[in-house]
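Enquirer: In our numbering, the protein residues as written are 629 to 964.
1) Would residue 838 and residue 757 qualify as a contact pair, given that the criterion is a beta-carbon distance under 9 Å?
2) In the region 785-830, which residue ranges form an unbroken alpha helix (DSSP H) of at least 4 residues, counting only runs that do not cross its ends?
3) I need the boundaries of the beta strand (DSSP E) containing residue 899, first residue and last residue.
4) Using 8 Å as the cut-off, can you tell me whether the region 913-921 makes contact with the region 822-830, which would need three or more C-beta pairs spanning the two stretches below that distance?
5) Would DSSP call residue 937 helix, strand or coil?
6) For residue 679 and residue 956, I'd like the C-alpha separation in whole angstroms.
7) Measure from the alpha carbon of residue 853 to the alpha carbon of each residue in 808, 899 and 727, then state which is nearest.
8) Who does residue 695 pair with in a DSSP beta bridge?
9) Any idea which residues DSSP pairs residue 848 with across the strands?
10) Could you compute how far the alpha carbon of residue 857 sits from the alpha carbon of residue 686?
11) Could you tell me which uninterrupted alpha helix (DSSP H) segments, each at least 4 residues in length, are contained entirely in the region 706-779, listed from first to last along the chain?
12) Rounded to a whole number of angstroms, what is the C-alpha to C-alpha distance between residue 944 and residue 863?
13) Assuming contact is defined by CB atoms lying nearer than 9 Å, are residue 938 and residue 815 in contact in what I supplied?
14) Can you check which of these residues, 734, 866 and 835, is closest to residue 753 by C-alpha distance?
15) Quick check: what's the CA-CA separation for residue 912 versus residue 762?
16) Alpha carbon to alpha carbon, what distance is there between residue 778 and residue 824?
17) Evaluate contact between the region 700-711 and the region 721-740, counting only Cβ atoms and requiring at least three cross-stretch pairs below 8 Å.
18) Return the chain-ordered list of same chain residues with a C-beta closer than 6 Å to the C-beta of residue 737, the five sequence neighbours on each side being excluded.
19) Quick check on the burial criterion: 16 or more other C-beta atoms within 10 angstroms. Buried or exposed for residue 705?
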C-alpha cells in the first residue's frame, strides 16, 4: 500500500511538473478568444532570441527586430504611412546629469515602425497604439533579451492589429500602430514621433500603450491612466468584469502607496502633449532589466490571457471613444 501510494504521488508530481513546463516557456493552455496564439508566441520568442543582442537602438540586433516586425505588418497588409513602415528620427539626447548637460553630444538616431488599420466610420479621430521594440542591449558581456520588456508589448500590438485587420472586426476608428525605437533611451522614439508626426497631431485622439504584458506573476494586469481621465474608470471596470485576467486600475497617481507610471513609458510623451492615454502593463518582477528577462521565464498561459484582455480594452476604447472625449457619438456610415 505504501509503495502504491508513493507511486501515485510520483505520478501526480510528474503531471504537475509537466503542466508547469508546458505553461512556462512551453506550450500554452489558455484558449485565446481574439487571436491565434501561434504567431503571437512566435514573435515573442523571436524578438527575445540571443541573436538580436538585446535590440538596443542603433544596433544590428535592432535592425533584425525591425525586419521581423515589418514582415508581420506586411503579411497582414497593414497600411503604410508615407513611403513605408520605417520612419527614421533624430532627437536630442536628454542629459541625465550636469556633466552630460555640459557636453556637446550628437542627436540620437533611430527608426520607428508605423502602420495603420483603417476604420469604418470615416472619423478623423485616430487611436494610436504604441509598443516599443528596443531594449538595453548587452551589458558587461551579458545579453539582455527583454522578453517581457518589451517583446511582449510588440507581440500584443501585432495580435491586436491582426484581429482588427479581419473585415468582420474592422474598428470604427482608424488605429495607428507605432513601434517606437529608443524607449530605453529617454523615450526617444515617441519624442521623435510627435516632433515629426506622420499625421496631423490634432487627429491623434488617444494613445493606448503596451509595455511589459507577459509576466503578471501575481495574476494582475494594470491599466494606468484613469486618474488623469476619470471617464476611463467605468470602461476599465467593464472590461475587468469579463477579462480572463485580474485587470486593475492604478499606478497613475491615484494612490500614494503605489508608484506613478505616468511618465515611465512612451505614453508620457502623449500625456505631455495633452493626448489622453491608457497604459497596460504588469508590476516589476525580479527579471525586470536583468539578463534573465528571457522567453523561458514567461508563463504563456498568463501572457495569452493578458493579450486577450488588451484586445478587449482596445475594442472598448474604439466603441466608446467619443463618450470618453465628451463628444457626440459618430453617425452610422451610410450603406450604398
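C-beta atoms are modelled at their ideal positions from N, C-alpha and C, and glycine is treated no differently.
Expert: Walking through what the data contain:
1) yes
2) 816-823
3) Taken as a continuous stretch (DSSP letters only), residue 899 belongs to no beta strand (DSSP E), being part of the alpha helix (DSSP H) at 895-900.
4) no
5) Helix at residue 937.
6) 50 Å
7) 899
8) DSSP, once it has assigned bridges, lists no residue as partnering residue 695.
9) Answer is 874, bridged to residue 848.
10) In a straight line, the C-alpha of residue 857 is about 35 Å away from that of residue 686.
11) Whole alpha helix (DSSP H) segments, 4+ residues: 726-730.
12) 7 Å
13) no
14) 835
15) 18 Å
16) Take the alpha-carbon of residue 824 and the one of residue 778: they are about 24 Å apart.
17) no
18) Only 718 meet the Cβ criterion.
19) Counting Cβ neighbours within 10 Å, residue 705 comes out exposed, since fewer than 16 surround it.
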